[in-house]
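Sequential numbering of the sequence shown, starting at 731, is according to my numbering.
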Amino acid sequence: MTTGPTTLSPWLVRPPATAPRARLFCLPFAGSGASAFSAWPADLDGVEVCPVQLPGRENRLGHPHYGSYEHLADELAEHLAPLLDRPFAFFAHCAGALPAYETV
731 MTTGPTTLSP
741 WLVRPPATAP
751 RARLFCLPFA
761 GSGASAFSAW
771 PADLDGVEVC
781 PVQLPGRENR
791 LGHPHYGSYE
801 HLADELAEHL
811 APLLDRPFAF
821 FAHCAGALPA
831 YETV
């Protein structure tokens, strides 16, 4: 799995697929980064798996943390907006669940 930001966004570590049936945005648990999903395939029966790299993790260590989950979610939603052109869902647990919830 690529560990750097895509040209679309520093929040995503895989380039977006051209025509997935749906997208699954995956937010990592506390203390982890998008590499937590490195063993997951990029495609699950037409559903694109999109690991999200949060600020302050892995290749984004120099990016500042947000003061609240609401601000984090606002910024995440802005970067994901171009990819919300088809059905989507979030997979998250632990500390990843709060920004996922706030983003939805």
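The beta carbon of each residue, even a glycine, is placed where N, CA and C say it ideally should be.
Of all the options the options, which has the alpha carbon lying nearest to the alpha carbon of residue i?
{"i": "L828", "options": "L784, L791 and R790", "result": "L784"}
{"i": "A769", "options": "L806, N789, G786 and P781", "result": "P781"}
{"i": "F820", "options": "L742, T748, C756 and P746", "result": "C756"}
{"i": "A764", "options": "P771, A749 and L742", "result": "L742"}
Considering only the beta carbon of each residue, do residue i and residue j sit closer than 8 Å?
{"i": "V779", "j": "R751", "result": "no"}
{"i": "R753", "j": "L813", "result": "yes"}
{"i": "T833", "j": "A803", "result": "yes"}
{"i": "P740", "j": "R787", "result": "no"}
{"i": "A825", "j": "F759", "result": "yes"}
{"i": "D775", "j": "A747", "result": "no"}
List the endpoints of the continuous beta strand (DSSP E) containing residue i.
{"i": "P829", "result": "Run containing P829: none in the beta strand (DSSP E); it sits in the alpha helix (DSSP H), A827 to T833."}
{"i": "L802", "result": "L802 -> not in any beta strand (DSSP E); alpha helix (DSSP H) instead, spanning Y799 to L810."}
{"i": "C756", "result": "A752 to L757"}
So is residue i in contact with chain D if we call contact Cβ pairs under 8 Å?
{"i": "W741", "result": "Although the question refers to chain D, the structure presented lacks it and comprises just one protein chain."}
Would you mind reading off the limits of the alpha helix (DSSP H) that contains residue i?
{"i": "E778", "result": "E778 -> not in any alpha helix (DSSP H); beta strand (DSSP E) instead, spanning V777 to P781."}
Report, in whole angstroms, the separation of the C-beta atoms of residue i and residue j, which I expect to be a contact under 8 Å.
{"i": "Y799", "j": "E805", "result": "With a Cβ gap of about 11 Å, Y799 and E805 do not count as contacting."}
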